[in-house]
Every structure is written in C-alpha cells, then in structure tokens.
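Peer 1: Structure provided below as structure tokens; questions to follow.
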Amino acid sequence: MDTLVTDKLPEILRLCRKHNVRKLSLFGSAAAEAFQKGTSDLDFLVEFEGMTPVRHAESYFGLMEDLQRLFGMSIDPVEPGPIRNPYFKKIVDETKVLLYAAA
Numbered sequence: 000m001d002t003l004v005t006d007k008l009p010e011i012l013r014l015c016r017k018h019n020v021r022k023l024s025l026f027g028s029a030a031a032e033a034f035q036k037g038t039s040d041l042d043f044l045v046e047f048e049g050m051t052p053v054r055h056a057e058s059y060f061g062l063m064e065d066l067q068r069l070f071g072m073s074i075d076p077v078e079p080g081p082i083r084n085p086y087f088k089k090i091v092d093e094t095k096v097l098l099y100a101a102a
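Just so we're aligned: 83 in numbering that gives the first Met the number 0 is position 84 of the sequence shown, and the numbers increase by one with no gaps anywhere.
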C-alpha cells in the first residue's frame, strides 16, 4: 500500500466514523504499490451502514469531499453493489486492501 495512504490512516479512520462507513478498502494502483504521483488516482471501495436514502447521499458526498480535501485530488468512492463489469470486479477483488471496518 502506498505511503500516501498509510501516512493519513488516522484521518481516514476518523472520516469513516464521521460518515457512517461500515467498510472502506483501497484498491487499484495505490493498493498494488504501483501508484505514480501525478498520474495515478486513489480508488476506494466503500460500504455504508444502513440508512435512509437522503442520509446515504449525505454520507457518500461528505466522505468524497473530505477525502478529496485530505489527499488534494479527485476521488470517486465506489460502492460494491453497482459493480456489474466482471473485469472491473476482478481487479477490485484482487487488489483491495481493507482500511476500516466498523466494530
């Protein structure tokens, strides 16, 4: 896992608790230690606690904005439910590294 993420892990965990995250994983180049600053992006797989649709939207966009501020780059959290492409799912499953799991 890239040090860009590990160095900010305490703040990531705080954001997960703030935004009702059940599980957060890093996947892609940063998880596979192939991250290249300036060209790579950070990919996060996120599962939220059960909540109303409005609360879910607030949590999703709040987490996205806070992660973008933290890392200074565009970040699009991906939820596992909508993943339909089997090739993309395979990449996610093969590279994901768990960062946070709610107790």
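C-beta atoms are modelled at their ideal positions from N, C-alpha and C, and glycine is treated no differently.
Can you give me the start and stop residues for the beta strand (DSSP E) that Asp-42 sits inside?
Peer 2: Taking the sequence shown and counting its residues from 1, the one referred to as residue 42 is at position 43. Looking at the DSSP string, the run of the beta strand (DSSP E) that includes Asp-42 is 42–47.
Peer 1: Quick check: Ala-30 and Lys-88, are their CB atoms within less than 8 Å of each other?
Peer 2: The residue labelled residue 30 in the question sits at position 31 within the sequence shown. The residue labelled residue 88 in the question sits at position 89 within the sequence shown. Result no, Cβ atoms of Ala-30 and Lys-88 do not sit closer than 8 Å.
Peer 1: In terms of alpha-carbon separation, which member of Ile-90, Ala-100 and Ala-101 lies closest to Ser-28?
Peer 2: Against the sequence shown, residue 28 aligns to sequence position 29. With distances taken between Cα atoms, Ser-28 lies closest to Ile-90.
Peer 1: Can you tell me the Cα-Cα spacing of Arg-83 and Asp-75, whole angstroms?
Peer 2: In the sequence shown, counting from the first residue as 1, residue 83 sits at position 84. In the sequence shown, counting from the first residue as 1, residue 75 sits at position 76. Near 17 Å, if we compare the C-alpha coordinates of Asp-75 and Arg-83.
Peer 1: What are the partner residues of Ala-102, as DSSP defines its beta bridges?
Peer 2: If you number the sequence shown from 1, residue 102 lands on position 103. Answer is none; Ala-102 lacks a bridge partner.
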